[in-house]
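Numbering (the working numbering), first residue to last: 4 to 373. Every residue, glycine too, gets a C-beta built ideally from N, C-alpha and C. The structure appears below as structure tokens.
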């Protein structure tokens with residue numbers, strides 16, 4: 004049933020994109036994308052027990068008095084409000100999922116000719132992100148909604164939405180800081196710098212990266228950030244810490260470390276980084292440059308983040324920009340009549356989606372999702 008829902012969502016976005024283009028983009032976006040967006044939200048709202056965050060936040064919702072003051076203001080206020088009006092927990096999930104999905108929808112309006120395709124790829128990237136990072140992904144929705152305002156230099160709405168993100172999950176402060184840094188500074192202007200950073204990242208272990216972040220976030224934690232950001236819950240038991248930063252988290256799935264996975268990931272990352280960098284150089288547009296740099300950062304963080312939960316969330320957040328960059332790469336290859344390369348690039352994306360689905364089906368019973 005989940006497979007049927009996933010395929011229905013994907014095909015709905017592709018059909019909507021075709022109709023939107025055929026109508027020459029004259030109709031409001033929700034006329035075409037209302038139904039696939041609803042399917043997208045239902046994918047996460049109707050689940051029951053899927054991924055660890057479900058049971059965690061269901062317990063928070065059912066016993067909110069036990070968690071008083073533990074979570075950020077906006078998150079706690081939303082839970083309190085839904086509890087008072089007697090919403091079910093799945094209804095709360097519907098609201099939380101909607102914030103992310105509609106926030107990204109507002110962001111993707113900048114690329115209207117490709118929205119349906121962007122969302123098709125986004126779906127393949129968010130299979131575990133939204134499900135397993137409920138609070139973090141919801142806060143991310145506010146950040147994505149703020150980005151068009153950043154590009155237009157409308158600082159007030161950008162600031163308001165950024166504050167909403169932080170009040171939902173304090174760790175997003177780091178995301179906003181990196182986005183602003185890359186907005187004013189182009190770190191990967193040179194291809195050799197970009198590729199060098201990626202190659203070097205393959206030799207950095209999660210343990211090395213994790214220990215550095217423990218020091219950084221412990222310092223930040225002393226001035227008021229939540230304990231989940233400082234990772235203090237994981238550093239009491241040294242054996243747990245060693246496994247945690249060594250990339251041995253069971254939920255990552257054994258197939259994530261296979262040689263075939265590593266080889267194909269390396270090939271695709273190098274290829275997509277080159278094509279994306281070349282695209283940025285040709286188009287010379289500030290928004291595309293920013294989104295490519297953020298995607299490139301996710302590729303660099305990917306390997307050393309394996310097993311390091313906080314950094315894996317951050318790397319996954321930035322990888323969502325791939326949904327825009329990959330679409331633009333496909334469009335560029337197609338326009339240059341590189342049809343075989345276009346097909347191969349799409350097949351890599353499908354392989355990425357298959358791995359995500361395989362991970363879910365091997366770790367969770369999803370037959371009851373509807």
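Start and end residues, alpha helix (DSSP H) containing residue i
| i | result |
| --- | --- |
| residue 289 | 289 to 308 |
| residue 59 | 55 to 65 |
| residue 160 | 158 to 171 |
| residue 338 | 325 to 338 |
| residue 174 | It is not in any alpha helix (DSSP H) - residue 174 carries neither H nor E in the DSSP assignment. |
| residue 279 | 262 to 286 |
| residue 97 | 92 to 111 |
| residue 120 | 118 to 128 |
| residue 25 | 5 to 25 |
| residue 151 | 137 to 154 |
| residue 320 | 312 to 322 |
| residue 195 | 194 to 204 |
| residue 38 | 32 to 48 |
| residue 86 | 76 to 87 |
Under 7 Å between C-beta atoms of residue i and residue j
| i | j | result |
| --- | --- | --- |
| residue 126 | residue 13 | yes |
| residue 119 | residue 148 | no |
| residue 40 | residue 170 | no |
| residue 344 | residue 336 | yes |
| residue 96 | residue 141 | no |
Buried or exposed (CB count within 10 angstroms, at least 16 for buried), residue i
| i | result |
| --- | --- |
| residue 62 | exposed |
| residue 101 | buried |
| residue 197 | buried |
| residue 65 | exposed |
| residue 364 | exposed |
| residue 31 | exposed |
| residue 283 | buried |
| residue 358 | buried |
| residue 281 | exposed |
| residue 21 | exposed |
| residue 52 | exposed |
Identity of the residue in the options nearest residue i by Cα
| i | options | result |
| --- | --- | --- |
| residue 60 | 79, 43 and 161 | 79 |
| residue 185 | 312, 93, 90 and 291 | 291 |
| residue 75 | 172, 110 and 124 | 172 |
| residue 288 | 333, 301 and 192 | 192 |
| residue 301 | 56, 272 and 94 | 272 |
| residue 305 | 29, 357 and 206 | 206 |
| residue 295 | 313, 116, 165 and 321 | 321 |
| residue 151 | 141, 115, 133 and 69 | 115 |
| residue 16 | 42, 29, 6 and 27 | 42 |
Taking contact to mean at least 3 C-beta pairs separated by less than 8 Å, is the region 316 to 330 in contact with the region 173 to 191?
yes
Between the region 126 to 144 and the region 39 to 57, do at least 3 Cβ pairs fall closer than 8 Å?
yes
Check whether the region 341 to 354 touches the region 325 to 333, counting contact only when three or more Cβ pairs, one atom from each stretch, lie closer than 8 Å.
yes
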